[in-house]
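Contents: one structure, followed by commentary.
In the working numbering, the protein residues as written are 945 to 1186.
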């Protein structure tokens, strides 16, 4: 369940996510699993889109068990249909990537939301290029279906070159701290503030949104300014005559 203090804050966030491939890069103090669950649950409630989770390791299956209670989360797609198979320590292989992509293509629906297991397992793979290619192709397939793809990865998980390559795969990269969702690595007035309380996500509007509203409230048209000047002038004249 999601508690939102301002509907505009939710709209701003969902506009960044819905219909796009999005990477959440998070800091060490961020409760990313809980935040992702709240965001995705609320997005599904709003859009009614079908959802699938893409799994790469045994740890991913543990996460899937936590998420599957949501009725919209209809399936978990793994590199193999043989659930008894043990995943290799480094995650999936290139062959698994091809198999998984074919599996996803046969299952994906229009407007579907795909949530991928956290990218942490990639840290131990020496050759990350095949997986980056897989992500790029998957992102294209999702885009063709006007769907949404969400991934998460810890900040500084990879070297600079790999991180840059990963970022180019996604339409949007959001940087998440313990209390804000940022459009860039540095804080700005466009950040969306948030807090997690008792399993609920509380969103607050960006400072720039507040400032825009204030400006709109106090901004006057040319005619309104002339009328105001006239009223002020009349009051001054009355004061002088008194």
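The beta-carbon is built from N, C-alpha and C at its ideal position, and this holds for glycine as well.
query	result
Quick test of your reading: residue 957 and residue 1136, contact by CB under 8 Å. State the CB separation rounded to the nearest angstrom.	6 Å
Given that a residue counts as buried once 16 or more other Cβ atoms are within 10 Å of its Cβ, and exposed if not, what is residue 995?	buried
Does residue 971 pass the burial test, meaning 16 or more other C-beta atoms within 10 Å, or should it be called exposed?	exposed
If I follow the unbroken alpha helix (DSSP H) through residue 1000, where does it start and stop?	No alpha helix (DSSP H) contains residue 1000, which DSSP labels as neither H nor E.
Use the C-beta contact count for residue 993: other C-beta atoms within 10 angstroms, 16 or more gives buried, fewer gives exposed.	buried
Would you call residue 1123 buried or exposed, if buried means 16 or more other Cβ atoms sit within 10 Å of its Cβ?	exposed
Report the CB separation of residue 1075 from residue 1067 in whole angstroms; it is logged as a contact under 8 Å.	About 11 Å; that fails the 8 Å criterion.
Tell whether a beta-carbon distance below 9 Å holds between residue 1083 and residue 1114.	yes
Taking the alpha-carbon positions, what's the residue 1059 to residue 1167 distance?	52 Å
Between the Cα of residue 1050 and those of 1089, 953, 965, spot the shortest distance and give me the residue it belongs to.	1089
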